[in-house]
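Working notes, structure below.
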Amino acid sequence: MRKGIRVLLLVLFLFLPFSALGEGISRALLIGADRFVTMPETTPAAEQNLARMEAMLWARMPGLNDCRTVLHGPAGEETLELLMQETFAEADEGDLSLVYFSTHGLLTDSRAAILLSDGTREEALEPEALFGMLNRIPGRKVLILDACYSGAFIGKGMPNGTNVFAGSGIRVLTCAGGLEQSALWLENSGGSGGSWFLAALEALVSADAGTGDMDGDGFFSLKELTAGVRALCGDSRAYCYPEDDGEALFSVGETEAGRAVNGLAFSEAESDPARPKVDFTFTAATAIRLWYRMVYWKDGSWDFSGAVQMADRERWEGTRGLLGPGEKQRTVRLSTVDGESSGFALLQILNLQDGSAVPEGSRRIAMAGEEEAALGAEAAAETFRPEDGEEMNVLITASAPCMVSATVESENGEVVRTLGEGEACLPGKAAGTEAAAGLWVCWSGRDDAGEMCAAGAYRIHAVCTDGLGGQEAFSAFFSLEEKENGDPE
65 MRKGIRVLLL
75 VLFLFLPFSA
85 LGEGISRALL
95 IGADRFVTMP
105 ETTPAAEQNL
115 ARMEAMLWAR
125 MPGLNDCRTV
135 LHGPAGEETL
145 ELLMQETFAE
155 ADEGDLSLVY
165 FSTHGLLTDS
175 RAAILLSDGT
185 REEALEPEAL
195 FGMLNRIPGR
205 KVLILDACYS
215 GAFIGKGMPN
225 GTNVFAGSGI
235 RVLTCAGGLE
245 QSALWLENSG
255 GSGGSWFLAA
265 LEALVSADAG
275 TGDMDGDGFF
285 SLKELTAGVR
295 ALCGDSRAYC
305 YPEDDGEALF
315 SVGETEAGRA
325 VNGLAFSEAE
335 SDPARPKVDF
345 TFTAATAIRL
355 WYRMVYWKDG
365 SWDFSGAVQM
375 ADRERWEGTR
385 GLLGPGEKQR
395 TVRLSTVDGE
405 SSGFALLQIL
415 NLQDGSAVPE
425 GSRRIAMAGE
435 EEAALGAEAA
445 AETFRPEDGE
455 EMNVLITASA
465 PCMVSATVES
475 ENGEVVRTLG
485 EGEACLPGKA
495 AGTEAAAGLW
505 VCWSGRDDAG
515 EMCAAGAYRI
525 HAVCTDGLGG
535 QEAFSAFFSL
545 EEKENGDPE
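Using the numbering used here, the first residue of the sequence shown is number 65, and each one after it goes up by one.
Written as structure tokens, this is what we have:
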């Protein structure tokens with residue numbers, strides 16, 4: 065009899081939720097708005113975003129006990145704070161509280177805000193106010209901002225940015241840099257819509273882990289989520305704070321049922337300046353129809369109205385344009401716009417389901433042309449103190465679109481950290497530079513092994529890695545300062 069009781073207790077223990085194993089309870093509050101007073105309507109983007117985010121959290125957020133979604137409200141700071149207090153009233157020090165916003169972002173004189181709206185009233189919510197609300201919630205907090213210019217909330221992707229969350233312990237993931245618009249997919253006739261950022265996050269977390277779980281621990285950390293979203297969303301560049309945070313946020317599992325496209329991955333194939341291309345692979349779980357949409361950067365913005373679309377040419381069971389189940393490999397050739405020798409493009413992959421188009425992923429492409437890009441690198445500050453939550457932001461500039469890699473070097477020339485390998489620059493306007501192209505990189509002060517570097521002088525080494533290659537630049541040296549009692553943490 066006692067043996068049977070021990071077996072029963074063991075079985076019950078194995079099936080306890082993650083939170084019952086000493087990791088606390090998780091709660092989530094998802095807020096979205098599609099109707100506004102002063103900004104364009106985005107129906108049904110936020111509504112779809114909330115539904116997809118909720119489904120993803122129930123499947124992948126360990127210990128989730130409650131997930132509340134609010135569409136078209138609250139419309140002001142006071143009602144938002146009351147909503148947060150009510151949602152997280154029972155939060156304890158060991159619990160995790162996640163807040164997600166899907167709305168319009170605002171930027172005025174380098175001041176960022178997100179728009180709270182119920183369709184008839186609206187109010188701008190600035191970083192300091194949102195920080196204060198989150199900071200009053202006990203335990204661990206995660207903020208996900210799905211809005212234009214959201215990187216400005218953490219001072220990233222822009223010159224002279226301020227991070228009000230620095231040193232607070234609140235983890236933040238944004239869909240775009242501080243000067244960058246993010247993109248929505250809207251199809252009113254079919255009731256389809258949503259953000260490309262969320263499509264990438266959903267593809268990363270809901271599908272098989274693949275390379276997304278970089279350390280193989282069975283969970284996605286903030287660091288891994290940011291890298292994974294950047295690899296699958298080219299419409300805007302995701303940013304996070306803290307940069308190297310490795311705490312588990314979402315669990316890795318088997319591919320979610322109903323996902324038609326899984327394992328989407330863009331390869332870093334050698335670039336041919338004369339005939340640029342992008343290679344990618346994916347697995348079709350069932351018969352599907354895919355469309356590839358090319359969007360070019362023109363006159364200071366992405367020209368979505370002038371996008372070029374083409375259907376996948378596979379033929380399955382006698383039907384052209386229908387892809388059969390299985391692993392796929394594709395190459396899409398590009399050309400520059402209006403006869404220009406170089407430029408930027410977006411490749412967007414759309415899945416046609418029941419008459420509606422569903423975004424699967426996108427890739428930003430820098431088409432170098434025949435011009436060699438002259439590089440520059442400028443650190444945002446002369447010193448930083450990682451123990452105070454500070455990070456070093458560095459802007460890499462280029463005289464022409466290109467792919468760049470960046471490393472951190474010590475004063476004696478030793479490479480201590482790789483920050484990026486072969487990433488396409490952003491158009492200069494989106495990065496906040498008058499140069500043709502730019503890319504912000506951020507260093508937490510840690511080396512490639514995750515250990516804090518010694519106090520001293522460091523600099524960024526940037527290298528052009530596209531088909532022309534060979535160009536490089538160094539930032540001025542900046543100082544990693546130690547904490548007052550001697551050594552950095």
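Just so it is clear, CB atoms sit at the ideal spot from N, CA and C, and this is done for glycine as well.
Exercise. Between the beta-carbon of S161 and the beta-carbon of A110, is there less than 8 Å?
Worked result: Not a contact, by the Cβ cut-off of 8 Å.
For this session: Give every residue of the same chain whose Cβ lies closer than 7 Å to the Cβ of G86, excluding the five residues on either side of it in the sequence, and list them in chain order.
Result: Any answer about G86 is weak, because its pLDDT of 42 lies below 50 and its placement is not dependable; what the coordinates show is given next. Spatial neighbours of G86 in its own chain (CB-CB distance under 7 Å, excluding positions within 5 residues in sequence) are not present.
Exercise. At what residues does the beta strand (DSSP E) containing R523 begin and finish?
Worked result: Its beta strand (DSSP E) spans residues 520-528.
For this session: Jot down the residue ranges of each uninterrupted alpha helix (DSSP H) in the segment 470-500, minimum 4 residues, whole runs only, in chain order.
Result: As far as the segment 470-500 is concerned, its whole alpha helix (DSSP H) runs of at least 4 residues are 492-495.
Exercise. What are the boundary residues of the beta strand (DSSP E) that P423 is part of?
Worked result: That run of the beta strand (DSSP E) goes 420-431.
Exercise. What residues match up with W122 in a beta bridge as DSSP calls it?
Worked result: Beta bridge pairing from DSSP links W122 with no other residue.
Exercise. For the beta strand (DSSP E) that N326 lies in, which residues bound it at each end?
Worked result: Its beta strand (DSSP E) spans residues 325-330.
For this session: Look at the Cβ atom of V458, then the Cβ atom of A444, and state whether they are nearer than 8 Å.
Result: Their beta carbons are under 8 Å apart, which means V458 touches A444 by this criterion.
Exercise. Mind pulling the alpha helix (DSSP H) runs of 4 or more residues that sit fully within the segment 112-186?
Worked result: Counting whole runs of 4 or more residues, the segment 112-186 contains the alpha helix (DSSP H) stretches 141-151.
For this session: Please name the residue, chosen from Q112, V163, G231, that lies closest to L128 on a Cα-to-Cα basis.
Result: Answer by Cα proximity: V163.
For this session: Indicate whether M467 and A441 have their beta-carbon atoms separated by less than 8 Å.
Result: By the CB criterion at 8 Å, M467 and A441 fall outside the cutoff.
Exercise. If you check the beta carbons only, do A263 and E455 fall under 8 Å apart?
Worked result: Not in contact: A263 and E455 (Cβ atoms no closer than 8 Å).
Exercise. Beta carbon of L207, beta carbon of V228: below 8 Å?
Worked result: When the beta-carbon positions are compared, L207 and V228 stay at least 8 Å from each other.
For this session: Please work out which residues of its chain come closer than 7 Å, Cβ to Cβ, to R301, disregarding the five sequence neighbours upstream and downstream, and give them in chain order.
Result: Within the same chain, R301 has close Cβ partners G221, A240, G241, E244, R294, L490.
For this session: With DSSP collapsed to three states, give me the class of G96.
Result: In the structure shown, G96 adopts extended strand secondary structure according to DSSP, grouped into three states.
For this session: Tell me, to the nearest whole angstrom, how far the beta carbon of G486 is from that of S463; I am working on the premise that it is less than 8 Å.
Result: The beta-carbon separation of G486 and S463, rounded to 19 Å, does not stay under the 8 Å limit for a contact.
Exercise. Buried or exposed: where does D210 fall if 16 or more other Cβ atoms within 10 Å of its Cβ makes it buried?
Worked result: Per the 10 Å Cβ criterion, buried.
Exercise. For D130, which residues of its own chain have a beta-carbon under 6 Å away from its beta-carbon, when the five flanking residues on both sides are left out?
Worked result: So the list reads R91, once near-sequence residues are dropped.
Exercise. With burial defined as no fewer than 16 other Cβ atoms inside 10 Å of the residue's Cβ, what is the status of V372: buried or exposed?
Worked result: So V372 counts as exposed.
Exercise. Can you tell me the Cα-Cα spacing of F368 and W361, whole angstroms?
Worked result: For F368 and W361, the distance between alpha carbons rounds to 9 Å.
Exercise. What's the gap between the Cα of S406 and the Cα of D299?
Worked result: Distance between the alpha carbons of S406 and D299 is about 18 Å.
Problem set entry | Top-ranked residue by Cα proximity to A526, from T471, D512, T497 | Checking every option, the nearest Cα to that of A526 belongs to T471.
Exercise. Which residue or residues does DSSP assign as beta-bridge partners of S214?
Worked result: Within the DSSP bridge table, the entry for S214 names no partner.
Exercise. Should K547 go down as buried or exposed, given a rule of 16 or more other Cβ atoms within 10 Å for buried?
Worked result: It is exposed - the Cβ of K547 has fewer than 16 other Cβ atoms within 10 Å.
Problem set entry | Reduced DSSP category for V228 - H, G, I as helix; E, B as strand; rest coil | Of the three classes helix, strand and coil, the one that applies to V228 here is coil, per DSSP.
Exercise. Looking at the unbroken beta strand (DSSP E) that takes in T238, where does it start and where does it end?
Worked result: First-last of the beta strand (DSSP E) with T238: 235-238.
Problem set entry | Three-state secondary structure assigned by DSSP to A437 | It is coil, neither helix nor strand.
Exercise. Hey, would you say A409 sits closer than 8 Å to A501, going by beta carbons?
Worked result: Their beta carbons are not under 8 Å apart, which means A409 does not touch A501 by this criterion.
Exercise. Would the beta-carbon of E186 fall within 8 Å of that of V134?
Worked result: Taking 8 Å as the cut-off, the Cβ atoms of E186 and V134 do not count as close.
Exercise. If W507 sits next to L483, beta carbons under 8 Å apart, how far is it from one beta carbon to the other, in whole angstroms?
Worked result: Distance from W507 to L483 at the Cβ level is roughly 6 Å; contact confirmed, criterion being Cβ atoms closer than 8 Å.
Problem set entry | C-alpha gap between S555 and L398, whole angstroms | Shown here, the chain extends from 65 to 553; a query on residue 555 therefore has no answer.
For this session: Output the boundary residues of the alpha helix (DSSP H) element that contains V293.
Result: Start and end: 286-296.
Problem set entry | Endpoints, beta strand (DSSP E) assigned at G407 | Start and end: 407-417.
Problem set entry | Cα-Cα separation, R175 to G169 | Cα to Cα, R175 sits roughly 11 Å from G169.
For this session: Can you have a look at V479 and say buried or exposed, based on whether 16 or more other CB atoms are within 10 angstroms of its CB?
Result: By the C-beta density criterion, V479 is exposed, having fewer than 16 other C-beta atoms within 10 angstroms.
Exercise. Can you tell me the Cα-Cα spacing of Q393 and R428, whole angstroms?
Worked result: Note on geometry: alpha-carbon atoms of Q393 and R428 lie some 18 Å from one another.
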